[in-house]
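Colleague: Chains A, B, C and D, in that order, are what the protein sequence lines are. Those letters in the first sequence? Residues 1 to 350, per the numbering used here, in order. Those letters in the second sequence? Residues 1001 to 1350, per the numbering used here, in order. Those letters in the third sequence? Residues 2001 to 2614, per the numbering used here, in order. Those letters in the fourth sequence? Residues 3001 to 3614, per the numbering used here, in order. Idealized CB from N, CA, C, for every residue including glycine. Before I ask anything, here is the structure I am working with.
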Amino acid sequence: MGTTTTNTPVPAPKTNRIGLQVIDYRGGKTTLCAGCGHNAISERIIDAMYEMGLQPERVMKFSGIGCSSKSPAYFMNRSHSFNSVHGRMPSVATGATLANKNLMALGVTGDGDTVSIGAGQFVHLMRRNMPIIYVIEDNGCYGLTKGQFSATADLGSTLKSGVVNDLPPVDTCSLAIQLGATFVGRSFSGDKKQLHTMLKAAIAHNGTVMLDVVSPCVTFNDHEGSTKSYKYMQAHEEPLHEVSFVPAFEEINVEYDPGTTLEVTMHDGSSLRLKKLEQEYDPTDKIQAVHRLMESHEKGEVLTGVFYINEKAPSFVDMLNVTDEPLATLPQSRTRPSREALAKCMEELQ
Amino acid sequence: MGTTTTNTPVPAPKTNRIGLQVIDYRGGKTTLCAGCGHNAISERIIDAMYEMGLQPERVMKFSGIGCSSKSPAYFMNRSHSFNSVHGRMPSVATGATLANKNLMALGVTGDGDTVSIGAGQFVHLMRRNMPIIYVIEDNGCYGLTKGQFSATADLGSTLKSGVVNDLPPVDTCSLAIQLGATFVGRSFSGDKKQLHTMLKAAIAHNGTVMLDVVSPCVTFNDHEGSTKSYKYMQAHEEPLHEVSFVPAFEEINVEYDPGTTLEVTMHDGSSLRLKKLEQEYDPTDKIQAVHRLMESHEKGEVLTGVFYINEKAPSFVDMLNVTDEPLATLPQSRTRPSREALAKCMEELQ
Amino acid sequence: MATTDVVPQESFGQLGQKRAVVVNDMSIQVATVNGSGSQSSNTVLLRSIFQMGVPISGKNLFPSNIAGLPTWFTIRASKDGYIARKKEIDLLIAMNGETAQDDVKMLAAGAVVLYDEPLALDKVRDDLIYYAVPYDKLVAAVCPEAKLRKLIKNMIYVGVAAQLLEIDFVEVEKAIRKQFATKAKAATLNLAAAKAGHDYAVANLKKRDPFYIRRMDKTKGKIIVDGNSAAAMGCMFAGCTVVTWYPITPSSSLVETMIEYMKEYRVGPDGKATFAIVQAEDELAAVGMVIGAAWAGARSMTATAGPGISLMAEFTGLAYYVEIPAVIWDIQRVGPSTGLPTRTSQGDVLSTAFLSHGDTKHIMLFPSSVSECFTMAQDAFDLAERFQTPVFVMSDLDLGMNNWMSEPFPYPEKPINRGKVLSKADLEKAGSFARYRDVDGDGVGYRTLPGTDHPAAAYFARGSGHNEKGQYSERPDDFERNMERINKKFETARSFVPRPEIIGSGKSKIGILAYGTSHWAIIESRDQLSKEHKLETDYLRVLSYPFTREVHDFIERHDRTYVVEQNRDGQMASLLKLDIKTELTPRLRSICHIHGLPIDARSVTDELMMMEGK
Amino acid sequence: MATTDVVPQESFGQLGQKRAVVVNDMSIQVATVNGSGSQSSNTVLLRSIFQMGVPISGKNLFPSNIAGLPTWFTIRASKDGYIARKKEIDLLIAMNGETAQDDVKMLAAGAVVLYDEPLALDKVRDDLIYYAVPYDKLVAAVCPEAKLRKLIKNMIYVGVAAQLLEIDFVEVEKAIRKQFATKAKAATLNLAAAKAGHDYAVANLKKRDPFYIRRMDKTKGKIIVDGNSAAAMGCMFAGCTVVTWYPITPSSSLVETMIEYMKEYRVGPDGKATFAIVQAEDELAAVGMVIGAAWAGARSMTATAGPGISLMAEFTGLAYYVEIPAVIWDIQRVGPSTGLPTRTSQGDVLSTAFLSHGDTKHIMLFPSSVSECFTMAQDAFDLAERFQTPVFVMSDLDLGMNNWMSEPFPYPEKPINRGKVLSKADLEKAGSFARYRDVDGDGVGYRTLPGTDHPAAAYFARGSGHNEKGQYSERPDDFERNMERINKKFETARSFVPRPEIIGSGKSKIGILAYGTSHWAIIESRDQLSKEHKLETDYLRVLSYPFTREVHDFIERHDRTYVVEQNRDGQMASLLKLDIKTELTPRLRSICHIHGLPIDARSVTDELMMMEGK
Ligand SMILES: Cc1ncc(C[n+]2csc(CCOP(=O)(O)OP(=O)(O)O)c2C)c(N)n1
Ligand SMILES: Cc1ncc(C[n+]2csc(CCOP(=O)(O)OP(=O)(O)O)c2C)c(N)n1
Ligand code: SF4
Ligand code: SF4
Ligand SMILES: [Mg+2]
Ligand SMILES: [Mg+2]
């Protein structure tokens, strides 16, 4: 019957609110290993950006060095991208955001790039609450250099070779919360719905978003003894709540029960809904958030969800109080003071 | 009557358990500003080392760059010292400790040296639990470069010029606890007794000791509006408990009431005693420690005391399981394998 | 008053027969303790002479320490306009007991010592001219508040010196009022102190030295400013929009001054800034932010010193290879490592030229004067954007932190040149573009900025191998072609960078080549060579790397060219050896100074004559 | 089998008249996909030829990626012992559909293609000799487990090639057993696969190419090893006690192999190690730890590549100025920036020589062979401790990661030399010491180690200005004297560093100068020049920087010296220009290769002849 379909009208391709199709958010063909968690995350980013209807040209992508840091090449070809140096992407993204605060900055990096060589810049990015979405594709190892332990590897987890990690892991989430990030959560590359939802909320947020996404390295860290494997995550992922997100531009008003669901209205009017799965939890309470994270870490569970969100704190860019137009393209008339100004300067020195 | 004293016998100079006098622990004349908190800390270090009876030749001093980092020149001239580069002292101290684990390593640094440029190495030093005493002389500013804000400056605190700090401070103590340091506390250069006691306990500890010592910069950060001034500290210091310390080598058994005082027996047999001043507090509980620190920070109090102590955790050096003699001075007979060994290597490659 | 009598007539006699008066040609050294507030007194003394119309320069020799260590401030007054450091001190104002003895011992016979009475320096040598002043007595009288006296005390020597040198006191008063313009009370107090010194001198000091300051008109309309402030202004007028920094001596004041200027002149009526200045957590972050900002289209810069340059090595290679404009000010201090952080040097030239692993070469500019700090700021940004590469402005502590006299800076007439940037409209015409294609034959490709509203605008910037379109490539030919093109940019730049300054008849067989602050010693040394040794020289001052034709020609036209610089290894001479025709390299001779004090003319003259075998 | 017939006689005829057989002189390229386990098949093929007594070299051209991208492995068999990369491929084993077409197009006429039948490569050109193999059919037969087939498949071409080249199959079997010594099952499977390939060839492939491997005895007793493993052994036998690292291609395997060796040979009967190996958080930390450990007396080292070297710039200046021994291996890859991380280069030479701000110069060693990786390890530690300064061993990806044939390494007879270290006893004799005093006139002072039980043992190590005793000093004369002394160490080192290797009659007017892995292309190129162009040359191979007398003399003795290296800017030539008598610099000519593939003889020969104007 395939033959008979020829004269039925071709359905118009599906588009988002700004009339773009999903393909407009796609990137180049991945060169990462088949099954690498990073590829799944790229897919989620594409979907989230598409559904939020961001214009690709209004997005800047950043990364450091690593398999994870390659992934910006695999989504959103129509966005400018900067694959910088190892561990120092935060400063590059910060600079670009200073130059053009009106664009959306998305940084994608790895656990090695972030917590090993990058620990210093990570600390200060969080502290500044720069309006940047910072996604860690966390596989507990250095994939691109063939699987050595990174600083997020858990105590006692093993390499394929059997070598045991005897250093404690750094919890990027509780760090980020204490340091000043205003939207902090953890997810799993295999948890399609949760990650997808959290990414959309991240896009709606103003300030630093820090998402630690466990993303198994199938080639070097997906074995027995790894705590960053698909198996391990399926067994130990512990969602703090069920997240759902209603963007500002959507009319539909989904019903929800305030008794069991907590709603956070974001500064652009979108709403993030967290359906309780456990005891009272207030994601706007820093102290509780860190406490809960440390607890679940002791219990050996991998807590996921939005741990902390602060919609009130001003971002670093807000505090700088710069002009509305991007600094990048201000005309000479705005950036070169007048003759009188120079005369005044000279006079003071006479 | 001064004239009559001439023929009274000269009293033997006071010495410590290894027969050294305090002067044997002294350093060069300070070149820091009169009244600088750092000078007081140098004095406390001299006293603590003297009282603990450490042989100066068995101590290595390390620092980065800054006024604080100059201070190793002002105590213990008989100890080797390494004034390295800005923000990277932890790696230098780590290397030296690997080379000779049998010496005591003492690092003295500043808040800028540690939390600004040094954040990365700080994180990893804590994580390794290297047997190093790491003292931050914390004045909330860059003294040596004339008083710019550092990353420990509190939100809203001001420079002399009136400029307001709009970034949140980094709490080095709660960071250190989470990252893996096993002896973490805060004190104040003006709190002679507490600092002195904590330093002695620090010397008895095996593993990373992280002491954040608020140390006012009289020249650039001791004014109204500073939260690191003598005035502010006198008003806001909030001791968590009263610390006392009984070294292993001391016979005297001071009475104490277990109901009001908690005793921690350290791995060398010394005992650290914490007299409660407030609700139950267990310094061996990481989670509680961080919780308490975050709380008091919200309250705007400067909590001091020993926040966390873990006498069980092995240090990084323990885990390396290296030979008992210092690696530094192993003879060729120990460090060059035999002819047979080389023959075996070659055979495998044939 | 008795104090003045203690100088025995004999010893005065010993100074030899009456010396002719010396007018408007002397160097005054004030020895104090840092943190004692002598800064303002010294500035007042400097300005007073300046206001007398006499060319001056002021150099502060301070320790790497905040308070309590010895500091020397040298003021040179020169009717001939020589402003390099002068080796010999004519008048020593000794306020620091700790160093007084040594300070006096270092003087040449016949020098003048103005000292704090209790120091009793007149006992040290008998071949000097001494004046003693009982500062504590005097200050007590003018300053009731005991705790202020330490500061005020210094203003007294200004009054004394002014009187001895016959500086018109109205100029002192004017200078004090300018210095304390915003602090009325301080002004009154200091004025009283100066007056007290002045009056004391009138009443008690018999002029026995030959030094005088007499009115002339060589400073009319001139300004006094330090190089860092000049650079700050230059960058502001060059349209800089993003500044990042990490404090380090001697560069901190560049950005700190810039903050003040930008707040005043770059904030709109709506209170919103046309700039962002960020204190980074270290130099890696500072330069990383500069690179990110420049990539996104901002005119961005940072300022640092040697240790910062070293930390920027990896990022500099990224900017070089990804081809991103970035302006980096290196206010050079003495290295290696921490070295002497408060001393001057030209020691970063070679390592900066080849900063970062792999094959890299970087454009450098070498300002010699405060006015060049101002003008080269725009040159640096224009070149960086024209060639899409990092540009280093190699200033130094002497230029950056000391006081220099200058003509007022001219308003920049040259419009800001943002280089090859494709707009949406351009893309609509072209349809597509290849970021790294050499379209114009100058090696420079066209770039687009993030946010350009065109589906073909985006490109992928990466520090890894890439082809013309910026796509990932490991192809040998892609890599080779790209590297050759980047090299071509450097060659093209030769005809765009500031050309050297050439002085002299061009007839001499002997050339001198220098750059940066060494310039001022050369100016004076050439006159010494001519006057004292009848040796005429030609002089070329290098303003930039890569070198322009003129540099090659100059060396070719001279039998010998002496390359004078302030480092150990002859770093500029090395760059020349790698650049000029190899047949010419035998003509180069190096004269190097590395002690950290600004190079002086006498040393250059002596060394050059020695090398000339005369 | 039909496949073999499709090659029409005509096209075979077109290959020109019968070619003489080519024995033991060919280069084989295996084109596969990385992560497909072709590594072991290639090693087996390599070893089989090696076991036939034929000199070989194996070079792996792999992408900066973990799995799924094209990889080429080249095996060169050369009866004359030439082991440089050969430009022309004689036998292509095409396993990767993605690149097969291009791979075939790149071949010279008459080359042989062994391809996977479905690729139908014989359609591409008709001037090649084709053999098709139905791998999937064959593998299915020998390997029931489907998921293992991808790996096993590659072993089939080994069997086919062996049969075509007439390699004795017992050698293949032996090589397979060695390769899978610890994995019995894998051995059996792979052996079956090889056999299947071999049998298929016997049954179906008619030998139509001239290439043969025949037994000879040029590899007896030799070993095959990569430079990084050799370096690891060298460091272990050199008494290294502290190793720090941060993973980076191509240096990671040096430390990873060292970990294995140290675990085996440097752990005492009590199970305690005589070493510490630490994975640092980055290169700044890695080198910081090395410096701290060396200061405290350990023989410490790190290994990295270009980006790491750049990050070590500041710390290197500290080690230079505080005078601390440190051994740093730079396994060079293609820069700038991330560049081509899996390609080879000699591009860090110049920036490493002057690494760090201020005046710095560093000792560098340039190993050319795996045996030098072994011996220079001890040289590096001895020199570092003898001169109390960082020493860089400049290896590269080609040497470090590829397979090289070598004589077994000789056991080090030279005792370990820890340099000038004062013991407690020494101090008791001397009473005191000055860390930075030039006691012996060689510029090198005496040091003490922390823990030395003597009240006068301690000194204060600082990166800031200091006097002979290491005390803080800002005195110009202290600084200048100290810097001159440090420079003297560098001059002294000239007579202690490894001397160059000089080859040739010494009678030629033309010299060639090279270093590191470029050596192997020169060896071959000199023969080509002599045979093909009757051009005799002398050759000097530089082993170290600073340069020794011999280098200067060599250049002096030749009218022209061609400096051959693998970078863009002629970095070694630059160092020479800065070091040799300036009159000699016109004699230098640069031949540079920068495409990232190991340099080959043919390119050198052609370029040199061109420059000779012939
Ligand atoms: C300065 C520097 N040091 C080391 C490297 C080598 N290197 C490349 S990626 C990487 C680690 C990447 O780990 P991660 O960030 O977790 O990314 P993944 O590959 O695991 O996704 C390292 C050490 C480098 N590129 N640059
Ligand atoms: C790489 C580098 N960058 C910058 C500097 C300049 N610098 C010297 S000390 C210092 C800050 C010191 O602050 P802190 O550690 O708090 O010490 P403090 O002087 O306050 O005691 C800075 C930025 C330097 N020496 N090295
Ligand atoms: S190596 Fe690991 S992290 Fe890298 S692409 Fe493969 S699976 Fe992903
Ligand atoms: S400036 Fe501040 S920190 Fe430095 S010595 Fe003076 S008081 Fe101490
Ligand atoms: Mg990872
Ligand atoms: Mg500080």
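Using the DSSP secondary-structure output, state which residues sit across from L106/A in a beta bridge.
Modeller: K61/A, I133/A
Colleague: At 7 Å on the CB atoms, spell out the chain A contacts of I1309/B, in chain order.
Modeller: Per Cβ cutoff of 7 Å: no residues; I1309/B is ~16 Å from chain A at best.
Colleague: Figure out for me which residue from N3034/D, V3170/D, A3067/D has the closest Cα to the Cα of V3044/D.
Modeller: V3170/D
Colleague: Would P3598/D pass as a contact of T3548/D if the rule is Cβ separation under 8 Å?
Modeller: It is not a contact, given that the beta carbons lie outside the stated cut-off.
Colleague: Just to confirm my understanding: we take I3176/D, look at its own chain, exclude 5 residues before and 5 after, and list those with CB closer than 7 Å. What are they?
Modeller: V3044, A3187, N3190, L3191, A3194
Colleague: Along chain B, in chain order, which residues have C-beta atoms closer than 9 Å to that of G3463/D?
Modeller: I1065, N1083, S1084, V1085
Colleague: Which chain A residues sit within Cβ distance under 7 Å of N3065/D?
Modeller: T31
Colleague: Would F245/A and L272/A be called neighbours here (beta carbons separated by less than 8 Å)?
Modeller: yes
Colleague: Answer with yes or no whether the minimum CB distance from T3304/D to chain A is below 8 Å.
Modeller: no
Colleague: Exposed or buried, which one is Q3346/D when buried takes at least 16 other CB atoms within 10 Å?
Modeller: buried
Colleague: Since D2217/C meets chain A, which of its residues come closer than 7 Å, beta carbon to beta carbon?
Modeller: Result: empty, since nearest Cβ-Cβ is about 15 Å, beyond 7 Å.
Colleague: Quick check: the segment 1191-1202 of chain B against the segment 1146-1158 of chain B, are at least 3 beta-carbon pairs closer than 8 Å?
Modeller: no
Colleague: Quick test of your reading: G2451/C and P326/A, contact by CB under 8 Å. State the CB separation rounded to the nearest angstrom.
Modeller: 7 Å
Colleague: Going by the C-beta, is V218/A closer than 7 Å to any heavy atom of ligand 3?
Modeller: yes
Colleague: Return the CA-CA distance between Y281/A and H236/A, expressed in angstroms with no decimal places.
Modeller: 20 Å
Colleague: Quick check: does the Cβ of G3308/D come within less than 7 Å of any heavy atom belonging to ligand 1?
Modeller: yes
Colleague: Could one say the Cβ of P3415/D lies closer than 8 Å to chain B's Cβ atoms, at least one of them?
Modeller: Yes, because at least one Cβ of chain B sits closer than 8 Å to the Cβ of P3415/D.
Colleague: Closest to H1086/B by C-alpha separation, out of H1080/B, A1099/B, M1076/B, S1068/B, would be which residue?
Modeller: S1068/B
Colleague: In the structure shown, what three-state DSSP assignment does M2611/C receive?
Modeller: helix
Colleague: Can you list, in chain order, the stretches of the beta strand (DSSP E) that have 3 or more residues and sit fully within the segment 2225-2303 of chain C?
Modeller: 2242-2245, 2276-2279
Colleague: Could you check if K1348/B is buried or exposed, using at least 16 other CB atoms within 10 Å of its CB as the buried criterion?
Modeller: Just to set this straight, residue 1348/B is Glu in the shown sequence, not Lys. By the 10 Å Cβ count, E1348/B comes out exposed.
Colleague: Let me make sure I understand the geometry here. Which of P56/A, V218/A, L199/A has the alpha-carbon closest to that of R44/A?
Modeller: L199/A
Colleague: Excluding sequence positions up to five away, which residues of its chain have a Cβ less than 7 Å from the Cβ of F2315/C?
Modeller: L2284, V2287, G2288, I2291
Colleague: Quick one: is the Cβ of C36/A within less than 7 Å of any heavy atom of ligand 3?
Modeller: yes
Colleague: Taking only beta carbons into account, state which residues of the segment 2336-2347 of chain C come closer than 8 Å to chain D, listed in chain order.
Modeller: Of all residues in the segment 2336-2347 of chain C, the ones placed with a Cβ closer than 8 Å to any Cβ belonging to chain D are P2336, S2337, T2338, G2339, L2340, P2341, T2342, R2343, S2345, G2347, in chain order.
Colleague: Does the segment 2090-2098 of chain C touch the segment 2022-2041 of chain C, meaning 3 or more C-beta pairs lie closer than 8 Å?
Modeller: yes
Colleague: Do the CB positions of C3143/D and A3230/D come within less than 8 Å of each other?
Modeller: no
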